[in-house]
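What follows is a short report on a single structure.
Protein chains: 2
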Amino acid sequence: MNPGAQHPDGPAAQPLRSDAERNRERIIAAARTVFARDGLSASMASVAREAGVGIATMFRRFPTKEELVDAVFSDRMGAYADAVAVALDDPDPWNGFVGYIEAACGMQAADSGFADVLTMSFPTAKVLEQRRSEAYEAMLRLIDRAKATGRLREDFDPSDLVLIHMANAGVVNATGDAAPDAWRRVVALFVQSLEAPARGPLPAAPGHEPLYKAMLRAGQGTATPPPGKSS
Amino acid sequence: MNPGAQHPDGPAAQPLRSDAERNRERIIAAARTVFARDGLSASMASVAREAGVGIATMFRRFPTKEELVDAVFSDRMGAYADAVAVALDDPDPWNGFVGYIEAACGMQAADSGFADVLTMSFPTAKVLEQRRSEAYEAMLRLIDRAKATGRLREDFDPSDLVLIHMANAGVVNATGDAAPDAWRRVVALFVQSLEAPARGPLPAAPGHEPLYKAMLRAGQGTATPPPGKSS
DNA sequence: TAGCTATCGGATTGGCCTATCCACTTTTGC
DNA sequence: GCAAAAGTGGATAGGCCAATCCGATAGCTA
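As they're listed, the protein sequences go chains A and B.
Converting from the first sequence to this note's numbering requires adding 3 to each position, the first position being numbered 1.
Converting from the second sequence to this note's numbering requires adding 3 to each position, the first position being numbered 1.
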């Protein structure tokens, strides 16, 4: 796909040898499959198995799971950001807002790994977090536009979207293949509760810092199983 | 090896020796603590450690995790059923309904293990499932009453409560201590979307069988890590 | 109190996980 | 073609987990 330019080191720190590059792509493709099926809790070993490469190759290319997550999901997060952009183009802001929520939650339903990514934070996954924050900025505008038309309740907070993704992740993970469309009903309920006029006040939003801390903690957990943690 | 057994077989199939009974209580108390903190994914070994008993004692008393779950959560599920009963006593059915949802989700927030229990099914946990179905029956009446007053939307389905619990479990598990009250806001949104008149149609409810299958699958997973599962 | 037996709990087996090491193979540049 | 560099994957260490075995211990009953 792109010759140099892997992740953090820079555009072309050192082009990989052809077979190495091939294996790298195979690993990413395998991870896409495995993470989509099993979520981010899938093991590095299972990805290597799926890719048909040795465990060592896995760890040489992606020393931490965060780096793998970055490589696998940064483009999907790009698609997520695009969905926000599309929503911003909708002449009807409320319509755009609703369509965006449904699209975003649909992406969660289609990919367990991405469902996890949307509720976790990975500080070292630079590209991924960059895309995430692009999406976030656009989302703020989307929310403002929707509020301006008066169809989105005034007390809606951007962090509510994170909560919705956490809730949706819960539904998606719990139902899996057994009830693959259950999330649609839940999301529809959410959307209807967001339409103005509000039917009542809401408890205070958790605030960004605590939520970020929660997402961070969840992300850390993914990296390495607790080294020591007894009583 | 084990002549009588304790709970499911009857009140006192074979009274345990005093030290055994003491250990049994210690294990249950420890499990209450550990499950509340770590959810049902906590290991049997960690419960034994917390209880200060040997691993063997653990497995002798509770050969499967389901039996332990039964012993630990059947009384909490009883409290859950009581919450429904209390709600049924409320002169205002809608008020009772809303209070019940908030109480139930609050129980999830206060106990990660119980949050899991409400989204999983454990066929062999007889007492627990008995209580669950008692609660379910009462809940059906609660829903009918709330609908009869016209304040609960007509298209509300009993299975929606399961979905709400799955969503709430997602929020509770994701936020943890970092944002301990986030669930309140999510639940408030849900409640407002349930009040009549409905603001729009909903996608079809998933139906009980698929949801039950989902809960069953989740419960199975808890018992034993997949014996074999490669591609 | 004495002996029988239920019960205890550490050691152990076998599985899966993360992570590293090192002898062998492939690619690349000349 | 050929050698050096880059890359590969199996073996392996160390950890946690479920589950079982068996010598030691503690409770119960006569």
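Glycine included, each C-beta is placed from N, C-alpha and C at the ideal position.
The structure presented is a predicted model; accordingly, all values stated were derived computationally and were not measured.
Using the rule of at least 16 other Cβ atoms within 10 Å of the residue's Cβ for burial, across every protein chain shown, is residue 8 of chain A buried or exposed?
Here residue 8 of chain A refers to the residue found at position 5 of the first sequence. For residue 8 of chain A, the predicted model reports a pLDDT of 38, less than 50, meaning its position is unreliable; a value from the coordinates is still stated below. By the 10 Å Cβ count, residue 8 of chain A comes out exposed.
Whose C-beta lies closer than 7 Å to the C-beta of residue 234 of chain A among residues of the same chain, with five residues either side of it excluded?
The residue you call residue 234 of chain A lines up with position 231 of the first sequence. With a pLDDT of 33 at residue 234 of chain A, under the threshold of 50, the modelled position of that residue is not reliable, and the figure given next carries that caveat. Within the same chain, residue 234 of chain A has no close Cβ partners at all.
Per DSSP, what kind of secondary structure is residue 198 of chain B in: helix, strand or coil?
By 1-based counting over the second sequence, the position of residue 198 of chain B is 195. The answer is strand: DSSP assigns residue 198 of chain B an E or B state.
Do residue 47 of chain B and residue 61 of chain B come within 9 Å of each other at the CB atom, strictly closer than that value?
As a position in the second sequence, residue 61 of chain B is number 58, starting the count at 1. As a position in the second sequence, residue 47 of chain B is number 44, starting the count at 1. Cβ distance < 9 Å, so residue 61 of chain B and residue 47 of chain B count as in contact.
Are the stretch 200 to 217 of chain B and the stretch 104 to 119 of chain B in contact at 8 Å, needing three or more beta carbon pairs?
no
Evaluate the contact criterion for the stretch 137 to 145 of chain B versus the stretch 129 to 137 of chain A: three or more CB pairs, one atom per stretch, below 8 Å.
no
I'd like to know whether the C-beta of residue 115 of chain A is nearer than 9 Å to at least one C-beta of chain B.
Against the first sequence, residue 115 of chain A aligns to sequence position 112. By this cut-off, residue 115 of chain A is not an interface position.
Determine whether the Cβ of residue 98 of chain A lies closer than 9 Å to any Cβ atom of chain B.
By 1-based counting over the first sequence, the position of residue 98 of chain A is 95. False, the Cβ-Cβ gap to chain B never drops below 9 Å.
Does the beta carbon of residue 58 of chain A come closer than 9 Å to any beta carbon on chain B?
In the first sequence, counting from the first residue as 1, residue 58 of chain A sits at position 55. No, residue 58 of chain A lies away from the interface with chain B (no Cβ there is under 9 Å from its Cβ).
Residue-level contact to chain B via CB, residue 88 of chain A, 9 Å cutoff:
The residue labelled residue 88 of chain A in the question sits at position 85 within the first sequence. No, residue 88 of chain A lies away from the interface with chain B (no Cβ there is under 9 Å from its Cβ).
Could one say the Cβ of residue 218 of chain B lies closer than 9 Å to chain A's Cβ atoms, at least one of them?
In the second sequence, the residue the question calls residue 218 of chain B occupies position 215. By this cut-off, residue 218 of chain B is an interface position.
Three Cβ pairs or more, each shorter than 8 Å: is that satisfied between the stretch 173 to 181 of chain B and the stretch 161 to 174 of chain A?
yes
Can you list, in chain order, the stretches of the alpha helix (DSSP H) that have 4 or more residues and sit fully within the stretch 98 to 134 of chain A?
115 to 120
So, using beta-carbon positions, are residue 160 of chain B and residue 221 of chain B closer together than 9 Å?
Translated into the one-based positions of the second sequence, residue 160 of chain B becomes position 157. Translated into the one-based positions of the second sequence, residue 221 of chain B becomes position 218. No, the pair does not count as a contact, with Cβ atoms beyond the cut-off.
Does any C-beta atom of chain B lie closer than 9 Å to the C-beta of residue 65 of chain A?
Position 62 of the first sequence, counted from the first residue, corresponds to residue 65 of chain A. No, because no Cβ of chain B sits closer than 9 Å to the Cβ of residue 65 of chain A.
Please classify residue 155 of chain B: does DSSP put it in a helix, a strand, or coil?
For the purposes of this step, residue 155 of chain B is taken as residue 152 along the second sequence, with counting starting at 1. Strand.
Please list, in chain order, all residues of the same chain as residue 86 of chain A whose beta carbon is under 7 Å from its beta carbon, the five residues on each side excluded.
Walking along the first sequence from the start, residue 86 of chain A turns up at place 83. The residues are 103, 106 and 107.
Residue 223 of chain A (DSSP reduced to helix, strand or coil):
The residue given as residue 223 of chain A occupies position 220 in the first sequence. DSSP places residue 223 of chain A in helix when its eight states are reduced to three.
Curious, which full-length alpha helix (DSSP H) runs of at least 4 residues does the stretch 29 to 86 of chain A contain?
47 to 54 and 58 to 64
Under three-state DSSP, which class holds residue 185 of chain A?
Here residue 185 of chain A refers to the residue found at position 182 when the first sequence is read from its first residue. Note: residue 185 of chain A maps to helix in three-state DSSP.
Rounded straight-line distance, which links the Cα of residue 28 of chain B to that of residue 19 of chain B
Indexing the second sequence from 1 puts residue 19 of chain B at position 16. Indexing the second sequence from 1 puts residue 28 of chain B at position 25. In a straight line, the C-alpha of residue 19 of chain B is about 11 Å away from that of residue 28 of chain B.
Of the residues B:205, B:100, B:33 and B:44, the one placed nearest residue 223 of chain B, counting alpha carbons only:
Translated into positions along the second sequence, residue 223 of chain B becomes position 220. Here the closest residue by C-alpha is B:44.
Can you grab the Cα-Cα spacing for the pair residue 70 of chain B / residue 201 of chain A, in whole Å?
In the second sequence, residue 70 of chain B corresponds to position 67, counting from 1. In the first sequence, residue 201 of chain A corresponds to position 198, counting from 1. Whole-angstrom Cα-Cα distance: 45 Å.
Cβ-Cβ separation, residue 195 of chain B to residue 153 of chain A (assumed contact under 8 Å), whole Å:
If you number the first sequence from 1, residue 153 of chain A lands on position 150. If you number the second sequence from 1, residue 195 of chain B lands on position 192. Going by Cβ atoms, the distance from residue 153 of chain A to residue 195 of chain B rounds to 17 Å, so no, they are not a contact pair.
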